[in-house]
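Residue numbers are given in my numbering: position 75 of the sequence shown equals residue 56, and the series is strictly consecutive.
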Amino acid sequence: MSKSRVLVSASILDSDLSSLSAECRKVLKAGADRIHIDVMDGHFVPNITLGPGIIKRLRKIGKQPFDAHLMISEPGRYMDQFIDAGCDSITFHVEVEEPIEPTLIKIRKAGRAAGLAIKPATPLSALDPFRDLLDIVMVMTVEPGFGGQEFMADAAQKILPAHTIFAGRAVPGEVHVDGGVNRQSAAMCGRMGADVLVVGSTLWKKGRDISDEITRIKTLADEGFRAARLEAKRHD
Ligand code: DX5
Ligand code: ZN
-18 MSKSRVLVSA SILDSDLSSL SAECRKVLKA GADRIHIDVM DGHFVPNITL GPGIIKRLRK
42 IGKQPFDAHL MISEPGRYMD QFIDAGCDSI TFHVEVEEPI EPTLIKIRKA GRAAGLAIKP
102 ATPLSALDPF RDLLDIVMVM TVEPGFGGQE FMADAAQKIL PAHTIFAGRA VPGEVHVDGG
162 VNRQSAAMCG RMGADVLVVG STLWKKGRDI SDEITRIKTL ADEGFRAARL EAKRHD
């Protein structure tokens, strides 16, 4: 397959958690560009998953990028551990009730990409104070906490304007879309210019050909992107 514009970061939340490293290898071999790891603390969201210890061990599978998505109330408290675990990017939520700037600075100082995620109801303007410290904006298109939820098209409207956060930069940051991304929603994400699609439960359905699924989702997103560009040109 030729290289797609959009990248897929595979969420392993709904994979076989008893064989995580095998699942990571499988999905990377099937064409995922990165691994998206959902960390939940049972406080910021009503679910508990895994922590930096498991990520550090998983890291041994190879060099492919690991994106950590921290749905935890105190990212600052645990940040050293996530950096030590070998995450390539670390994204936490703008809705946390603690200082955000020092944690973003710490991530960047460690040479990792720093990101902020926004829940569906949070306006993009919440990110304004941190725009110069961000490498990633993660637009949530479901309420964080669980895989397998329905894509929220309203929340997806933030994908396109999210790119303005990186305006004027020599190297622009990335806009990730997380939640309910599948064959039905991929074209819309592409139209909105999403750079990285977080794809979870749809990959892990029984009997699914993961490689075929990733190829279809990438193709649909790229077609959506091209169609939107053509429409915009026609209106110029
Ligand atoms: C939800 C997580 C997502 C989730 C995506 O809180 O942040 O990464 O695993 O799974 P799907 O693709 O099923 O929405
Ligand atoms: Zn996630």
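Glycine included, each C-beta is placed from N, C-alpha and C at the ideal position.
According to DSSP, residues forming a beta bridge with residue i
i	result
HIS17	SER(-8) and ASP48
ALA94	SER70
ILE117	GLY96 and GLU155
VAL180	ALA(-9)
ASP217	For ASP217, which the question treats as bridged, DSSP gives no partner whatsoever.
ASP65	DSSP output for ASP65 lists no bridge partner at all.
ILE29	ASP22
CB contact flag (residue i, residue j, <7 angstroms)
i	j	result
VAL75	LEU108	yes
GLY56	GLY126	In the sequence as presented, Gly is not what sits at residue 56; that position holds Pro. It is not a contact, given that the beta carbons lie outside the stated cut-off.
GLY12	SER192	yes
LEU178	VAL(-11)	yes
ASP14	SER182	no
MET121	ALA151	no
GLY23	ARG40	no
LEU9	GLN45	yes
ILE117	GLY154	yes
8 angstroms contact criterion, which residue i and residue j should meet: CB distance rounded
i	j	result
ALA168	LEU201	5 angstroms
GLY161	ASP203	No, GLY161 and ASP203 are not in contact; Cβ-Cβ is about 19 angstroms, not under 8 angstroms.
SER70	GLY96	6 angstroms
GLU82	PHE111	7 angstroms
MET119	THR72	5 angstroms
MET52	PHE25	5 angstroms
PHE206	ARG(-14)	6 angstroms
Residue i burial status per 10 Å Cβ neighbour count (16 or more: buried)
i	result
ILE18	buried
SER198	In the sequence on display, residue 198 carries Ile and not Ser. Buried is the call here.
ASP113	exposed
ILE195	buried
ARG93	buried
GLU4	buried
PRO33	buried
HIS50	buried
LEU85	buried
LEU(-2)	exposed
Candidates the options: closest to residue i by CA position
i	options	result
ARG89	ALA213, SER166, ILE64 and SER2	ILE64
ASP135	LYS87, SER(-1) and SER166	SER166
ASN163	MET133, GLN62, ASP61 and ILE146	MET133
LEU211	MET173, VAL180 and THR72	MET173
SER106	ALA143, GLY34, GLY128 and ALA94	ALA143
THR30	ARG189, SER(-8), ALA3 and LYS100	SER(-8)
GLN62	VAL77, GLU78 and ILE35	ILE35
GLU124	ILE117, ASP116 and THR103	THR103
GLN138	PHE147, LYS100, LYS214 and GLU78	LYS100
ARG189	SER(-1), LYS(-16) and LYS7	LYS7
THR145	LEU115, LEU(-2) and GLU131	LEU115
LYS87	VAL156, ARG58 and GLU78	ARG58
LYS186	GLY128, SER(-1), LYS(-16) and ALA91	GLY128
GLU131	ALA213, LYS(-16) and VAL180	VAL180
Any C-beta of chain B under 7 angstroms from that of residue i
i	result
ALA208	Protein chains in the displayed structure number just one, and chain B is not present.
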